[in-house]
Each structure stands twice: as C-alpha cells, then as structure tokens.
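S.K.: Sharing a structure, written as structure tokens. Questions coming.
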Amino acid sequence: MQKAYTWVFIGILFIGFGGAAYYYYPGNSLQNNNGQACTEEAKMCPDGSSVSRVAPSCNFTECPTPEFHWVVSDAGTTLAGTPLTNASLKVGGREYQLGQFSGSCAEIEGEIWKFAEGEKAGLVCWFAGGGVEIGVFEEDGRLVIKRGQVDEGSAEVPGTRGPFEFVQTIGDQ
Numbered sequence: 016m017q018k019a020y021t022w023v024f025i026g027i028l029f030i031g032f033g034g035a036a037y038y039y040y041p042g043n044s045l046q047n048n049n050g051q052a053c054t055e056e057a058k059m060c061p062d063g064s065s066v067s068r069v070a071p072s073c074n075f076t077e078c079p080t081p082e083f084h085w086v087v088s089d090a091g092t093t094l095a096g097t098p099l100t101n102a103s104l105k106v107g108g109r110e111y112q113l114g115q116f117s118g119s120c121a122e123i124e125g126e127i128w129k130f131a132e133g134e135k136a137g138l139v140c141w142f143a144g145g146g147v148e149i150g151v152f153e154e155d156g157r158l159v160i161k162r163g164q165v166d167e168g169s170a171e172v173p174g175t176r177g178p179f180e181f182v183q184t185i186g187d188q
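Take 16 as the starting number for the sequence shown in our numbering and just add one per residue.
Written as structure tokens, this is what we have:
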C-alpha cells in the first residue's frame with residue numbers, strides 16, 4: 016500500500032513541475048501577456064500592407080515607412096525629335112506603370128521643386144517649358160498616385176503646377 020502512495024505522490028509532483036514549466040516557458044502566451052487576448056483585426060497601412068495588434072497592450076504595430084523608387088527609361092524619340100521617357104513607381108515590391116512622357120524625368124528632391132501639400136514623393140517629366148508631375152499623396156490614410164500639369168510660365172505669366180488628378184491607389188490591383 017505504501018508503494019502505491021509513493022507512485023501517486025511522484026505523479027502529482029511530475030504534473031506540478033510540468034505545469035510550472037509550461038507557465039514559465041519563455042514563449043508562453045499566458046505569462047507574456049497576463050492572460051490578455053488581443054482581437055485578430057488588422058489595420059491597413061497607407062502603402063497597402065496591414066499590421067496586427069500585439070500583446071500585452073494590444074496596440075497595433077507601427078506601419079512600415081514606405082520607400083518610393085522611381086524607374087525611368089529612355090523610350091526613343093517622336094518623329095519630330097521629341098525625347099520620350101517611360102516612367103513607373105516601385106513601392107513595397109510592386110511596380111505601378113505610369114506611362115510614357117515627353118522629355119526627360121527627374122525625381123523631386125526639394126532643391127528645384129518643392130513637394131506640394133500632402134505630397135510624399137514626386138517625379139517631373141519635362142520638355143520645352145512644360146510637362147507632367149506625378150506625385151504620391153497621402154489621403155484618408157492611404158497613398159494615392161496623382162498626376163498634374165506643370166508649366167514654367169513666362170516673364171509676364173507665372174508658372175503653374177496642377178491641378179492634380181487621381182490616377183491610382185497604392186496597394187490596389
């Protein structure tokens with residue numbers, strides 16, 4: 016009879032140590048978030064990606080800061096000799112084809128051109144005093160591509176920029 020009690024006692028100790036090891040194991044969610052369970056909802060980021068909530072505070076993780084890479088390539092010339100340039104934008108591993116433009120294209124970097132209000136990145140394609148600006152703007156928590164006209168103006172008339180018109184939402188197919 017004494018031998019049976021010994022085995023029961025050893026079994027209880029084994030279960031107790033196993034439970035303690037499970038509770039204090041570094042990857043255990045019971046210990047790490049004090050029993051707090053986060054909802055499984057996701058937040059859409061401006062670049063089209065999503066982030067989830069993280070215990071123990073259940074706050075959303077930070078959205079990644081998008082990197083914009085303008086891709087321009089020579090597309091030859093028109094019959095009249097106007098140079099042509101193909102332009103696209105890479106964001107988050109996706110490439111958005113923007114089209115073919117007259118002249119050459121340059122990224123807006125703040126020296127000659129300044130960003131328009133709400134603009135995060137921009138490209139100006141220019142030939143013979145006028146052209147097109149393609150910009151990435153943040154609107155309602157989303158990044159959108161817009162296009163507007165630019166003109167250098169003259170001594171009598173100031174240059175113009177815009178208005179910008181919606182082209183595509185970044186993150187949409």
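Just so it is clear, CB atoms sit at the ideal spot from N, CA and C, and this is done for glycine as well.
So, at 6 Å on beta carbons, what are the nonlocal neighbours of residue 110 in its own chain, with the 5 sequence-adjacent residues on each side left out?
M.R.: Here residue 110 refers to the residue found at position 95 when the sequence shown is read from its first residue. Cβ within range, chain order: 103.
S.K.: For residue 59, which residues of its own chain have a beta-carbon under 6 Å away from its beta-carbon, when the five flanking residues on both sides are left out?
M.R.: On the sequence shown, position 44 is the one that residue 59 refers to. The answer, listed in chain order, is 65.
S.K.: Please state the DSSP three-state secondary structure of residue 129.
M.R.: Here residue 129 is taken as the residue at index 114 of the sequence shown, counted from 1. Residue state, collapsed to three classes: coil.
S.K.: Is the CB-CB distance between residue 156 and residue 81 below 8 Å?
M.R.: Within the sequence shown, residue 156 is the residue found at index 141, counting from 1. Within the sequence shown, residue 81 is the residue found at index 66, counting from 1. Cβ atoms of residue 156 and residue 81: not closer than 8 Å.
S.K.: Tell me, which residues are paired with residue 89 by DSSP?
M.R.: As a working note, residue 89 is residue 74 in the sequence shown. Answer by DSSP bridge pairing, in chain order: 100.
S.K.: Mapping DSSP to helix, strand and coil, what is residue 123?
M.R.: Within the sequence shown, the letter at position 108 stands for residue 123. DSSP places residue 123 in coil when its eight states are reduced to three.
S.K.: Let me know the secondary structure DSSP gives residue 30 once reduced to three states.
M.R.: What you label residue 30 is simply residue 15 of the sequence shown in a count that begins at 1. Here residue 30 sits in helix by DSSP.
S.K.: With a threshold of 16 other CB atoms inside 10 Å of the CB of residue 77, please say whether the residue is buried or exposed.
M.R.: Working through the sequence shown from its first residue, we reach residue 77 at position 62. With fewer than 16 other Cβ atoms within 10 Å, it is exposed.
S.K.: According to DSSP, is residue 21 helix, strand or coil?
M.R.: Locating residue 21 in the sequence shown gives position 6, where the first residue counts as 1. Helix.
S.K.: If you draw a straight line from the alpha carbon of residue 185 to that of residue 176, how long is it in whole angstroms?
M.R.: Stepping through the sequence shown from its first residue, residue 185 is reached at position 170. Stepping through the sequence shown from its first residue, residue 176 is reached at position 161. Cα to Cα, the separation comes out at about 22 Å.
S.K.: Going by other Cβ atoms of all chains shown within 10 Å of its Cβ, with 16 needed for buried, is residue 136 buried or exposed?
M.R.: Along the sequence shown, one-based indexing puts residue 136 at 121. Buried.
S.K.: For residue 140, report the span of its beta strand (DSSP E) as first-last.
M.R.: Your numbering for residue 140 matches position 125 in the sequence shown. Judged by DSSP secondary structure, residue 140 falls within the beta strand (DSSP E) whose first and last residues are 134-142.
S.K.: With DSSP collapsed to three states, give me the class of residue 45.
M.R.: Walking along the sequence shown from the start, residue 45 turns up at place 30. Low per-residue confidence applies at residue 45: pLDDT is 46, beneath 50, and the placement is therefore not dependable enough to give any value.
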